[in-house]
Amino acid sequence: MKQLTEQDIAQLSALLDDTLPAADAAALRQRLQHDAALYDAFVDLTLTRDAMRALPVAQPPRSLRIDPARLTKARGWRWWLVMPPAGQLIPNMAVALSLCVCILVGQQAIGAGSASDILKGIAEVEMMAPNAVEAPASSEMAADVSEPASQRADGSVSAASDPMVQLVAPDQSVVVWWWAATVAAACATLATVVWAWRVAVRRRITQKR
Amino acid sequence: MLQYDDQEIVQLILAGDTDAFNVLVDRYQSRAYNLCLRMLGDGDAAADVAQDAFISAYRHLPSLRGDFRPWLMRIVANACRDALRSQKRRPTISMDASRDEDDGPGLQIADDAVGPEDALLQRELQQTIVVALQSIPDDQREVIVLSDIEGRSYQEIADITGINIGTVKSRLNRARLRMRELLVAAELLPRVKRHTSQNE
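Residue numbers (our numbering), protein chains in the order written: chain Y, 362 to 570; chain S, 6 to 205.
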């Protein structure tokens, strides 16, 4: 058997698949008429391809149908995204309720009062004692803040001397926590709405197609 | 439900009709099984891998974009590749593999009109092809099975295997050359040629 080059095999293969450009195909056919080895290779490749294509279609030894119970078990997390709107509502509501319960329980446990109390407290702290909530600009000011408010040189009223501020000031971390939870809940809700919208649009496009 | 097209059935499945998936299984189990059989060379393993591929397809159905069939065949091809890798890690000898091929319905002579000598020659050629296929590298076998047995275009093969068309062509060329060498070595192709020329 004459050794054919890779280029020869590539051309013969392309001719076999009818993907050779017309000019190249004509040139190759010319060569096939004069080159016996090339012709033999082409015949061999054609016979091999035809023999493979003639392999009968085998039937599976058993049905490949899958038990629906096994399918349900095989569901991945993505199914939640494509559930029907009514089905999606249930987990969404569950998540929203859980967040609300977490926030309320958290507030009660730390004793921060209601959300409106906290907001009112923040506003009053800012109005009455701006120095108490502003970060010190230098190390000297930082030292001032650590001293009792009543001993300050400028005589300004600090947050610690006011009973209302005393009630609110220790719960600053609760306020931050509350806001973080609210923002997280808002982001989660927004993300859910966007996902649901995307799925609905995709479904509409698929149905149109 | 049989009259529905693939996209309609997919929508039904996504809407919660789990049973509808078996309509797709019925529709494509033969293609999937044959691809696995030619890739793995073992009937039982092919059935297992094809079924696993269907389960995987079901699990990832929400991420389906485009047509179901090429997407499914890509999953089946991936499953075959995984199975081959797994076989190499834990090599086992299937005592039933060759018997399955011999006795299975796939290798029964399709055309009763041919004479006994032709039928014998055809059967021998088919058996040699099945054996030869298992002796070529996995990546080349995948491409030649998809091209020359399944009859897929270069583009379809590139989509299924995830390689570019240039690589598809080069793998196909090498696979065809190797198959030719194996069949010539088995003295089957010259016999076919002589037989053809005698008939003419």
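For every residue, glycine included, the Cβ atom is placed at its ideal position computed from N, Cα and C.
Partner residues on chain Y for residue i, Cβ-Cβ distance less than 7 Å
i: residue 34 of chain S; result: 421, 425
i: residue 134 of chain S; result: 412, 413, 416
i: residue 42 of chain S; result: 419
Residue i: contacting residues in chain S (beta-carbon distance under 8 Å)
i: residue 382 of chain Y; result: Here the premise fails: no neighbours, minimum Cβ distance about 14 Å.
i: residue 371 of chain Y; result: 174, 175, 178
i: residue 432 of chain Y; result: 23, 26, 60, 63
i: residue 410 of chain Y; result: 153, 181
i: residue 374 of chain Y; result: 174, 177, 178, 181
First through last residue of the alpha helix (DSSP H) which encompasses residue i
i: residue 68 of chain S; result: No alpha helix (DSSP H) contains residue 68 of chain S, which DSSP labels as neither H nor E.
i: residue 9 of chain S; result: Residue 9 of chain S -> no alpha helix (DSSP H), and no H or E assigned at all.
i: residue 161 of chain S; result: 159-166
i: residue 404 of chain Y; result: 397-414
i: residue 77 of chain S; result: 73-94
i: residue 46 of chain S; result: Careful: residue 46 of chain S lies outside any alpha helix (DSSP H) and carries neither H nor E.
i: residue 178 of chain S; result: 170-190
i: residue 376 of chain Y; result: 367-377
i: residue 121 of chain S; result: 121-140
i: residue 147 of chain S; result: 143-149
Chain S contact residues for residue i, given Cβ-Cβ distances below 7 Å
i: residue 399 of chain Y; result: The contacting residues do not exist; residue 399 of chain Y stays about 13 Å from chain S at best.
i: residue 405 of chain Y; result: 185, 189, 194
Neighbour-count burial assignment, residue i, 16 or more Cβ in a 10 Å radius
i: residue 45 of chain S; result: buried
i: residue 368 of chain Y; result: exposed
i: residue 208 of chain S; result: Shown here, chain S extends from 6 to 205; a query on residue 208 of chain S therefore has no answer.
i: residue 559 of chain Y; result: exposed
i: residue 72 of chain S; result: exposed
i: residue 374 of chain Y; result: buried
i: residue 30 of chain S; result: buried
i: residue 382 of chain Y; result: exposed
i: residue 24 of chain S; result: exposed
i: residue 169 of chain S; result: exposed
i: residue 146 of chain S; result: buried
i: residue 379 of chain Y; result: exposed
i: residue 142 of chain S; result: exposed
i: residue 148 of chain S; result: buried
i: residue 535 of chain Y; result: buried
i: residue 67 of chain S; result: buried
i: residue 166 of chain S; result: buried
i: residue 10 of chain S; result: exposed
i: residue 108 of chain S; result: Because the pLDDT of residue 108 of chain S is 39, which lies under 50, any placement of that residue in the model is unreliable, and the number read from its coordinates should be weighed accordingly. Exposed, because fewer than 16 other Cβ atoms sit within 10 Å of the Cβ of residue 108 of chain S.
i: residue 416 of chain Y; result: buried
i: residue 85 of chain S; result: buried
i: residue 182 of chain S; result: buried
i: residue 8 of chain S; result: exposed
Contacting residues, own chain, Cβ-Cβ under 6 Å from residue i (five flanking each side not counted)
i: residue 62 of chain S; result: 77, 80
i: residue 390 of chain Y; result: none
i: residue 528 of chain Y; result: Confidence is the limiting factor: at residue 528 of chain Y the pLDDT is only 49, short of 50, which leaves the residue's position unreliable, though a coordinate-based value still follows. Excluding positions up to five away in sequence, the list is empty.
i: residue 207 of chain S; result: No answer is possible for residue 207 of chain S: the residues shown for chain S start at 6 and end at 205.
i: residue 193 of chain S; result: 130, 133
Within chain Y, the residues that residue i reaches when beta carbons sit closer than 9 Å
i: residue 145 of chain S; result: None at all; the shortest Cβ gap to chain Y is about 12 Å.
i: residue 48 of chain S; result: 419, 421, 422
i: residue 30 of chain S; result: 424, 425, 426, 427
i: residue 171 of chain S; result: Per Cβ cutoff of 9 Å: no residues; residue 171 of chain S is ~11 Å from chain Y at best.
i: residue 55 of chain S; result: 421, 425
Close beta carbons around residue i, own chain, < 8 Å, minus the five adjacent residues each side
i: residue 69 of chain S; result: 15, 76
i: residue 164 of chain S; result: 75, 79
i: residue 235 of chain S; result: No statement about residue 235 of chain S is possible, as the shown extent of chain S runs from 6 to 205 and does not include it.
i: residue 392 of chain Y; result: 399
i: residue 52 of chain S; result: 38, 41
i: residue 372 of chain Y; result: 381, 385, 389
i: residue 377 of chain Y; result: 403, 406, 407, 410
i: residue 122 of chain S; result: none
Beta-carbon neighbours of residue i, restricted to chain S and to distances below 9 Å
i: residue 555 of chain Y; result: Simply none; closest approach about 16 Å.
Own chain partners of residue i with C-beta closer than 7 Å, once the 5 adjacent residues on each side are dropped
i: residue 87 of chain S; result: none
i: residue 43 of chain S; result: 138, 150, 154
Within chain Y, the residues that residue i reaches when beta carbons sit closer than 8 Å
i: residue 78 of chain S; result: Simply none; closest approach about 14 Å.
i: residue 39 of chain S; result: 418, 419
i: residue 156 of chain S; result: 414
Spell out a yes or no on whether the stretch 78-97 of chain S and the stretch 176-185 of chain S are touching, meaning 3 or more CB-CB pairs, one atom from each, closer than 8 Å. no
Would the stretch 408-417 of chain Y count as touching the stretch 144-155 of chain S if we require 3 or more Cβ pairs under 8 Å? Using a Cβ-Cβ distance cut-off of 8 Å, the stretch 408-417 of chain Y and the stretch 144-155 of chain S are in contact, since at least three pairs of beta carbons, one from each stretch, lie closer than that value.
Inter-stretch contact at 8 Å, needing at least 3 Cβ pairs: the stretch 184-196 of chain S / the stretch 130-139 of chain S: Between the stretch 184-196 of chain S and the stretch 130-139 of chain S, the count of Cβ pairs shorter than 8 Å is three or higher; the stretches touch.
Looking at C-beta atoms only, is the number of pairs between the stretch 419-430 of chain Y and the stretch 390-407 of chain Y that lie closer than 8 Å three or more? no
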